[in-house]
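Student: With this note's numbering applied, the sequence shown closes on residue 324, and no number is skipped along the way.
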Amino acid sequence: MKITQEADYAIRIIIHLSVLGKGNIVDAATIAENEGVTLRFTLKILRKLCKDNFIRSHRGVKGGYSLVKDPDEISLKDIIEVIDGDFAINKCLKDENACNLGKADTCNVHEALRGIQDIIIREFDKVKFSQLIKNKREYK
Numbered sequence: 185m186k187i188t189q190e191a192d193y194a195i196r197i198i199i200h201l202s203v204l205g206k207g208n209i210v211d212a213a214t215i216a217e218n219e220g221v222t223l224r225f226t227l228k229i230l231r232k233l234c235k236d237n238f239i240r241s242h243r244g245v246k247g248g249y250s251l252v253k254d255p256d257e258i259s260l261k262d263i264i265e266v267i268d269g270d271f272a273i274n275k276c277l278k279d280e281n282a283c284n285l286g287k288a289d290t291c292n293v294h295e296a297l298r299g300i301q302d303i304i305i306r307e308f309d310k311v312k313f314s315q316l317i318k319n320k321r322e323y324k
């Protein structure tokens with residue numbers, strides 16, 4: 185399992201919005217500039233986060249984006265899954281037909297990896313954005 189650059193940027197974008205607080209609107213250009221992400225890539229990520237109802241898009245002159253949920257309701261797992269899809273440390277855990285032996289249901293390695301993956305998922309789910317924004321700089 186590898187967290188993509190896009191997921192890393194999405195995490196930074198949610199941190200930015202979390203610092204501002206639920207419902208506070210900021211434009212995409214400001215997010216992009218403050219987080220060091222291109223505007224085009226920021227907009228792509230914002231669309232995905234809107235689609236999954238973590239943020240809301242606001243139209244108009246004073247439009248932009250805002251958090252829909254409180255930062256303590258959003259985990260690292262949530263945001264990584266929006267961008268990268270379901271966690272899988274091995275392809276056989278995502279698709280049992282991908283087992284090299286064709287025996288995912290009886291494979292000892294498969295079971296060991298499943299246990300490790302479950303631990304990783306639980307740990308990512310424990311980390312809430314309210315924790316990540318402690319001592320975080322304020323934005324304009």
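We treat Cβ as the ideally placed atom computed from N, Cα and C, and that holds for glycine.
#1: By DSSP's criteria, K312 is part of a beta bridge. Which residues make up the other side?
#2: Could you round the C-beta distance between V250 and L316 to whole angstroms and report it? I think they count as a contact, below 8 Å.
#3: Could you work out which residue in D309, K186 and E217 is closest to I197 when comparing CA atoms only?
#4: How far does the alpha helix (DSSP H) with I224 in it extend, from its first residue to its last?
#5: Measuring CB atoms only, is the region 220 to 227 touching the region 261 to 281, in the sense that at least three cross pairs come out at less than 8 Å?
#6: Looking at the secondary structure, which residues open and close the beta strand (DSSP E) in which R240 lies?
#7: What number of angstroms, rounded off, separates the C-alpha of C283 from the C-alpha of V203?
#8: Taking a contact to mean a Cβ-Cβ separation below 9 Å, would you say F238 touches D268 in this structure?
#9: Taking DSSP as the reference, what is the three-state secondary structure of G220?
#10: Along the chain, where does the alpha helix (DSSP H) containing V203 start, and where does it finish?
Tutor: Let's see:
#1: K312 is bridged to S259.
#2: The amino acid occupying residue 250 in the given sequence is Ser; Val does not appear at that position. The Cβ separation is near 18 Å, so there is no contact.
#3: Considering only alpha carbons, the answer is E217.
#4: According to the sequence as given, residue 224 is Arg; it is not Ile. Secondary structure note for R224: its alpha helix (DSSP H) is the uninterrupted segment L223 to K235.
#5: As far as the Cβ criterion goes, the region 220 to 227 does not touch the region 261 to 281, which means the pair count is below three.
#6: If you look at R240, you'll find it in the beta strand (DSSP E) that goes I239 to H242.
#7: Each residue's alpha carbon lies about 43 Å from the other.
#8: No, the pair does not count as a contact, with Cβ atoms beyond the cut-off.
#9: In the structure shown, G220 sits in coil (DSSP, three-state: anything other than H, G, I, E or B).
#10: Per DSSP, the continuous alpha helix (DSSP H) segment holding V203 begins and ends at Q189 to L204.
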